[in-house]
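Protein chains: 2
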Amino acid sequence: MASTPSSDQTTASSSPMHDALVLRMDKAARTLLTSATAGEDIQAELQTMCLPITALWCRILRFDPAVPDWPDRDRYVVPSAAMLPLLAAMLRLTAPGAQELSPTLEYGQHPAVEIAAGPAGQGMAAAAGMALAEQQLANRYGRSLVNHRTWVLARDSDLATGVALETAQLASRFGLNRMAVLACPSPLADPADFSDSLARFHASGWSVRKVNAHDLGAIMNALQAVLRARKPTLLACIPANSPAQPDMPAEDELTGPWSPTARRGSSIRRSWLRRLAQHRARADFERDQMGRSRHTMREDWGRLWRQTMRSTPDGSSQQAAFAGLRSLALLRQDVSILAATSSTSSSRSANLPMPFGHAAQPCGIQEHGMAGMLNGMARHGGVLPCGVAGMMTIDRMRSALRMAALMRSKVLYLLTDDGLALSDNGGGWQPVEQLASLRAMPHLAVFRPACAEETFACWQTALNWPEGPAMLILCPHPPPHRTGRRSGHYGGPSHGGYLISCGQGLRHVTLMASGPEVAIATLAGQHLAEQGLNVAIVSIPCWEVFAQQPAAYRTAVLGTEGLRVGIEAASSFGWERWLGTDGIFVGMDDFGISAPANAVYERFGITAGAICQKVLARLLASGAQKGLSPSAPSPSRLEDLDMSLTITRL
Amino acid sequence: MASTPSSDQTTASSSPMHDALVLRMDKAARTLLTSATAGEDIQAELQTMCLPITALWCRILRFDPAVPDWPDRDRYVVPSAAMLPLLAAMLRLTAPGAQELSPTLEYGQHPAVEIAAGPAGQGMAAAAGMALAEQQLANRYGRSLVNHRTWVLARDSDLATGVALETAQLASRFGLNRMAVLACPSPLADPADFSDSLARFHASGWSVRKVNAHDLGAIMNALQAVLRARKPTLLACIPANSPAQPDMPAEDELTGPWSPTARRGSSIRRSWLRRLAQHRARADFERDQMGRSRHTMREDWGRLWRQTMRSTPDGSSQQAAFAGLRSLALLRQDVSILAATSSTSSSRSANLPMPFGHAAQPCGIQEHGMAGMLNGMARHGGVLPCGVAGMMTIDRMRSALRMAALMRSKVLYLLTDDGLALSDNGGGWQPVEQLASLRAMPHLAVFRPACAEETFACWQTALNWPEGPAMLILCPHPPPHRTGRRSGHYGGPSHGGYLISCGQGLRHVTLMASGPEVAIATLAGQHLAEQGLNVAIVSIPCWEVFAQQPAAYRTAVLGTEGLRVGIEAASSFGWERWLGTDGIFVGMDDFGISAPANAVYERFGITAGAICQKVLARLLASGAQKGLSPSAPSPSRLEDLDMSLTITRL
């Protein structure tokens, strides 16, 4: 094989012998495809794409059947489950021992299935994320270690969705010229739709080519052109004339090892292994690949945080989280940040400097494409993808976020501009149901820290969250006063929920809150304590982590008696989990309004005063039967009150 | 004014007098704009767009300041709050009495603000929906009654989002040549991004023109070309040279009535009123405008439903809902259906016949654009927009759905292919957290009917839901057995939740479910009743409607004693609302899997057998202290069991 690594993929010169191999394999693949149970239209698309994909696999793709997941392999992405039979056919023909693979292959069944099938367009975005990860790793380690491409077998529907068109813009902006998409028109759709898709990709800065899907020479020329392209490429494979029905190949052809193809891949991988063994950054590369950090990372990060905290002890959670991301990026070179314009709320421009320096790639307002790319970066490996975007844009990113959770990918999100404070633009920009909708998603951890100190603990817990993606929801305004732990505190934010403060003896009231509302709860607690009530203040920055704590811990934090009050500038949906059926929720039952922040909080009754009134009214109602008045009850009388305040919660 | 209605907008021939009016008004508008508190970039965009918008308002726009919401007005859509000062300036200059309008105008403050500001691109989609509604109403009533246009003052960010690009495709496919978008490049962004946007719109079948934003003659020519265009138009207003700073106009110029403009609008409206008065379909038109139906509608619809029910009494909720939509479209001509390809799950093609006949417009896989268009159709008035799409695509439509809820727009959704049954494509297609995420949204009503009979009641309730959008979540498979009301039933599906059946005396177990799981609950209930337990079966098709029932009704349905069990093939999030803290939830704690439907239900333990086991295990644990065995307890011994089964729920 070629000794210069960059030429691995450009040696695919055509020869009659090579062509014969491709055509034989194509014939065998078509036979395998006919056994796939697919609709007529899908079958037609599979047959159209068979020769181009076979040529790609035989002559171009960096793929070693023996080690299908080696790091410098080409990524071959199949966004739609309908197209997976073609991947199954390729694996069966090239990989010894893969003969038994089901034609309806699925994510998790073979390492060559790079992503789970998802909504149209998600695979395009994931592929762009892989190409971006490749670009970043190549910049870090050089082409001798990182020299692969990302190929996508797309359907026309993948090209026409909004997320695909956002991805097209981002791929062009980032110069992802090692990304190539192969697609064919759907036989059922209007051909003009497909042409329009090609034109839109061209308009987005892509190299767009049409090729006769049944002409091997033209296909090889087109694939060679892809290898030389300076832009991301879309290769439209047009079924110009109907292919001849393949003769049934002999049994040995179907099960043969297709050794030339396998030998090519194996040879490329072994020469890569030799280069890796001699590479001076080998240890770093392998650590990145495993997603590990240096063993001193935790300690170093803590030191940097403490420095930050000393300089801005009363900063907002957003400031603190950004500082944490900056220092994380200093300590871990695999951190890769994509930031949407919405995260720099003061401006709408994509070209303003990001608060994380050069480590962040600006993604403009293409948040959905960005979120899909983060998934691909995580699946690629070697990078730790972090997305930064405005809290309200999470609605747009939801399909992509779900794919991250479904694939249990380690993707970190920093969502900025949470809270009611940024209300100049009307109610449309104030989150209401977003928190509940995120907490309902399996495997996702949602953190909503109250202050800079909690942000540190949440950042660390999010980084170590083992199940899938994690997000920090951040407020740009510092809390009006310190909310840190006081007398009677118990546990800490890394447990998901903890006691900030609690008096001695039976609790009358437990105020629970998250994020900016913890400061309000603390203030309300002070007022109520002045009334002689025994008040506990609980911060629950992360429901998912708190729910995983032992029951005894949760009980100690939430208490077993007294009135429970939940405070969050959001929908009440789901809060019964912590409040029981008798608790009070103080939050938003409607969309926000345009007004200064304080006025919005007042409109929804999320103020210390309103909370105290609600609590006292409820206690008065409970205590009325005993003739007690809650207005300034003396501590001694409160002992009498206790029984009436105790609400049985089995 | 012109007597032929279609020439209303084409009489804007240029003359020195007209030009002088526009230029004077432009000068005044610029002065008003300088008082708007906007960033430098926004201010620059406002100034760039000032002359084109002023020319539009003075010479083209069908707008009567005296009656700004008359039905045949041009729609002038401002998607971004940042651009509203220009609308405020136009209103202040043209409308007597509008001088006190705040420059930071908002939705709800003036009828000329057609939509609430939302995420980038939503306004584009809403405008396309308005243009589609205009097209449909013009087809129904003719150009003498419906002859207006939709104008959008967009920003570059509105053009670059995925939803805008999906909208561009749909607007072109539907031939919305009465939609025109005016936009200018952002001074902070790369000019190439704006050019790419223009190219993408051109590739989507739009007419794209560039015009010097400071050349009135060129602007008037371009606007005239828009009036003649056979495609949707994008007019890019380029600030070719810096405008001269306007002299401060005299006070009377700022507050003057700009009578020529106002007179033009008033004259157009009055001639329209004369045509309406003589129109033979006047009553229909006015009823459509008020969103009312004929007073016999309810009865007629019921009759058609009963016919359907007789022919397919055991059909799926999806079949029933489609039949209901078909008959609704027969009875109400204002019903307008947009259907995504995902709603016809057997095929991916946009060109297949829809199950609703010619009444449905096919929207392919551009679900997000479609959802945004539904909002615009609702805001336009005269049509009742119904969207049909696959359940899983709701994640993509979420930003648009939220705008409908925020504007309390009457938009109906039919979401198909709910449930675990369609699992061939892997876990990504099985809803898990979607139900919770939708129930958390204010003003939205989510219906999940169990059977054809419930579907009828839910359809009617959804149609009358007063707060905003409503959706029916539908399963394509008929329930395995009848789930209708039996002995002890109470209430009905139109109450949101009701008792399907209940024995006499103290309840031991209340099984609650929705949708396809009601049949499973019914079966489990039969098994448990055979064990001598007193079981109540509750169907909760709509939480929002059920929560609005009187507390006494809810208590009668849910019962006050016994074990509560929630059964839903979805996330448990939020179910504590009905289960309390001691209930059992049977559902999904993870994403779905690929397997035949029955296997998926078994994997998650959502079977009658597994539910019975869980219930008996819990009752055994509760009863253990009393030495009771729940295996086949005799009815007499159950009386003893009662106390231990009674779980206090204050």
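Protein sequence lines correspond, in order, to chains S and A. Using the working numbering, the letters of the first sequence correspond one by one to residues 1 to 650. Using the working numbering, the letters of the second sequence correspond one by one to residues 651 to 1300. Glycine is no exception: its CB is placed at the ideal position from the N, C-alpha and C atoms.
Within the segment 365-392 of chain S, Ile365, Gln366, His368, Gly369 and Met392 place their CB atoms closer than 8 angstroms to a CB of chain A, listed in sequence order.
By the neighbour-count definition (other C-beta atoms within 10 Å, threshold 16), Ala599 (chain S) is an exposed residue. Per DSSP, reduced to three states, the secondary structure at Lys210 (chain S) is strand.
When beta bridges are read from the DSSP output, Gln361 (chain S) appears opposite S:Leu338.
By the Cβ neighbour-count rule, Gly1118 (chain A) is buried, with 16 or more other Cβ atoms within 10 Å of its own. In the structure shown, the three-state DSSP call for Arg92 (chain S) is helix. Within chain S, the C-beta atoms nearer than 9 angstroms to that of Pro1092 (chain A) come from Val432, Glu433, Ser571, Met588, Asp589, Asp590 and Phe591, in chain order.
In terms of Cβ geometry, His1018 (chain A) and Val861 (chain A) do not form a close pair [threshold 8 angstroms]. Spatial neighbours of Arg1157 (chain A) in its own chain (CB-CB distance under 7 angstroms, excluding positions within 5 residues in sequence) are listed in chain order as Asn1184, Ala1186, Gly1209, Glu1211 and Gly1212. Counting along the chain, Ile1187 (chain A) sits inside the beta strand (DSSP E) bounded by residues Val1185 to Ser1189. Three or more pairs of CB atoms, one per stretch, sit closer than 8 angstroms, so the segment 1122-1134 of chain A contacts the segment 1053-1068 of chain A.
Here the C-alpha atom of Val78 (chain S) lies approximately 14 angstroms from the C-alpha atom of Leu56 (chain S).
Excluding five sequence positions before and after Val22 (chain S), the CB atoms of its chain that fall closer than 7 angstroms to its own CB belong to Thr54, Ala55, Cys58, Arg59 and Leu216, given in chain order.
For Leu1208 (chain A), the enclosing alpha helix (DSSP H) stretches over residues Ala1201 to Leu1208. For Pro16 (chain S), the enclosing alpha helix (DSSP H) starts and ends at Pro16 to Thr34.
When 7 angstroms is used as the limit between beta carbons, Ser514 (chain S) is near no residue of chain A, the shortest such separation being about 16 angstroms. Along the segment 764-793 of chain A, going in chain order, the ones with a CB nearer than 9 angstroms to a CB of chain S are Ala766, Ala767, Gly768, Pro769, Ala770, Gly771 and Gln772.
Three or more pairs of CB atoms, one per stretch, sit closer than 8 angstroms, so the segment 826-833 of chain A contacts the segment 879-893 of chain A. Listed by position along chain S, the residues whose Cβ is nearer than 8 angstroms to that of Ala1086 (chain A) are Ala436, Ser437, Ala440, Phe573 and Gly574. For Gly205 (chain S), at least one C-beta of chain A is nearer than 8 angstroms to its own C-beta. Residue-level contact by beta carbon holds for Thr161 (chain S) and chain A, with a gap shorter than 8 angstroms. With a contact defined as Cβ atoms closer than 8 angstroms, Ile1015 (chain A) and Ala1050 (chain A) miss out at about 15 angstroms.
Here Ser1059 (chain A) is actually not in contact with Gln1110 (chain A); their C-beta atoms are around 19 angstroms apart, not less than 8 angstroms. Taking a 10 Å sphere around the C-beta of Gly515 (chain S), we find 16 or more other C-beta atoms and assign the residue as buried. Per DSSP, the continuous alpha helix (DSSP H) segment holding Ile53 (chain S) begins and ends at Glu40 to Ala55. In the DSSP assignment, Thr233 (chain S) is bridged to S:Ala180 and S:Ser207.
Going by beta carbons, Gly915 (chain A) and Pro715 (chain A) fall inside the 8 angstroms limit.
In this structure, S:Ile606 is the residue among S:Ile606, S:Leu304, S:Ala551 and S:Val545 with its C-alpha nearest to the C-alpha of Ser572 (chain S). Within chain A, no C-beta atom comes nearer than 8 angstroms to that of Thr560 (chain S); the closest sits roughly 12 angstroms away. Counting the other CB atoms within 10 Å of its CB gives Arg280 (chain S) a total below 16, which places it among the exposed residues.
For Arg303 (chain S), the uninterrupted alpha helix (DSSP H) segment begins and ends at Met297 to Ser311. When S:Thr104, S:Ser259 and S:Gly376 are compared, the shortest CA-CA separation from Leu32 (chain S) is found for S:Thr104. Boundaries of the alpha helix (DSSP H) harbouring Tyr1251 (chain A): Ala1247 to Arg1253, taken from the DSSP string. Going by C-alpha positions, Thr962 (chain A) is about 16 angstroms away from Ala1107 (chain A). By the Cβ rule, the segment 547-556 of chain S does not count as touching the segment 440-456 of chain S, because fewer than three pairs are nearer than 8 angstroms. In terms of Cβ geometry, Ser822 (chain A) and Gly855 (chain A) form a close pair [threshold 8 angstroms].
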